Amino acid sequence: MVFSDHLVELTDSGYKGDILHKPDIVQPEDAWDMATRTWGCHSRKDPKVVLKPKTTADTSAAILWLKKHRIDLAVRSGGTALSQSDEVILDLGYFNNTVERKQQVVLGPGQPWRRVYETLAPSPVTVMGGRLAPVGVGGFLTGGGLCYLTNMYGLATNNVIDYQFVLADGRVIWASEDPELAQAMRGAGFSFGVITEIIVKAISKPSSVYGGYMLYSVDKLEALAKHVQKLSTENTDPRISALLCVLCVPNVGPACALLPFVVGAAGEYCYGVC
């Protein structure tokens, strides 16, 4: 299809967001690169257009236009998921607000968790969010969401109060208006609509935490896995948790990383994972 012909129709419909076309030469960190970059290079596609709505009304107009012309799209929050399209990417980067309310925090889905944590740094409260700073808010809060404090407060999606999103027919609704839809959103990603705002519970920040990376050679993987499994099944203190992963360390190669996480001073108690 010829996108240029239909894009005029999109702007005439009231869409006031950005419309990005691929430049002849893509430079690192330019607008196109940032809007199409993914965490996993193997999942990156080559879209024809990137739409960056600035408001919920822009998002609604874009969805109606995409539906009318049966254009494939992928919704981008932080770029760490595998949601990609070779036609149109809907980049939610302008939805990057973090507003603290009484016992609640309102989040824009198009920002990384780094931005959320930096905004809440002066506050006595935080939210159940990603363990890695570059992860996007929208994908994380619709995909389950394992957090460092999950043992204490559950998954991140368990702490979502409500989602505002745009349906395929352009309507803007809150998930709480439909209990079944509200439940489905907690793990279904952007399958039912494009999220434009999320309200989550505010939780008190721990007074102190202990954690960090402990690197081991890959031959220790089996032993470490058994130890973490034992911790997961036998530990009854929700303040203690551990994450085990395999990663590639620059100039070293494959390695095992053990991430113990303890809420409270490390000297108060320790299960042996420390």
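The opening residue of the sequence shown carries number 8 in the working numbering; numbering runs sequentially from there.
Glycine included, every Cβ here is placed at the ideal spot set by N, Cα and C.
A quick note: this is a predicted structure, and the numbers were derived from the prediction, not measured.
The Cβ-Cβ distance between residue 63 and residue 149 does not fall below 7 Å. If you look at residue 264, you'll find it in the beta strand (DSSP E) that goes 260-270. The C-alpha of residue 93 lies about 17 Å from the C-alpha of residue 13. In the three-state scheme derived from DSSP, where H, G and I count as helix and E and B as strand, residue 178 is classed as coil.
Residue range 247-256 is occupied by the beta strand (DSSP E) that includes residue 248, with no alpha helix (DSSP H) assigned at that position.
Boundaries of the beta strand (DSSP E) harbouring residue 208: 201-208, taken from the DSSP string.
Shortest Cα-Cα distance from residue 269 to any of 29, 154, 82 and 176 involves 154. Residue 98 sits close to residue 57, with the two beta carbons spaced by under 7 Å.
Under the three-state reduction of DSSP, residue 192 is assigned to coil, being neither helix nor strand. Straight-line spacing of the CA atoms in residue 185 and residue 191 works out to 10 Å. For residue 105, the secondary structure class from DSSP, reduced to helix, strand or coil, is strand. With fewer than three CB-CB distances shorter than 8 Å, the segment 226-237 does not count as touching the segment 96-115. About 3 Å separates the beta carbon of residue 145 from that of residue 116, a gap short enough to meet the 8 Å contact definition.
Judged by DSSP secondary structure, residue 147 falls within the alpha helix (DSSP H) whose first and last residues are 144-147.
Judged by DSSP in its simplified three-state form, residue 134 adopts coil rather than helix or strand. Take residue 71, set aside five residues on each side of it, and the residues of its chain with a beta-carbon closer than 6 Å to its own are 177, in chain order. With distances taken between CA atoms, residue 205 lies nearest to 170 out of 170, 223 and 239. In the DSSP secondary-structure assignment, residue 25 is bridged to 59.
The beta carbon of residue 193 sits closer than 6 Å to those of 164, all from its chain and outside the five residues before and after it, given in chain order. The criterion of a C-beta distance shorter than 7 Å is satisfied by residue 166 and residue 207. Under the three-state reduction of DSSP, residue 77 is assigned to coil, being neither helix nor strand. Contact annotation, residue 271 with residue 246: C-beta distance approximately 6 Å; criterion of less than 8 Å satisfied. The Cβ-Cβ distance between residue 261 and residue 225 falls below 7 Å. Leaving aside the five residues that flank residue 28 on each side, the residues in its chain whose CB is nearer than 7 Å to its CB run, in chain order, 56.
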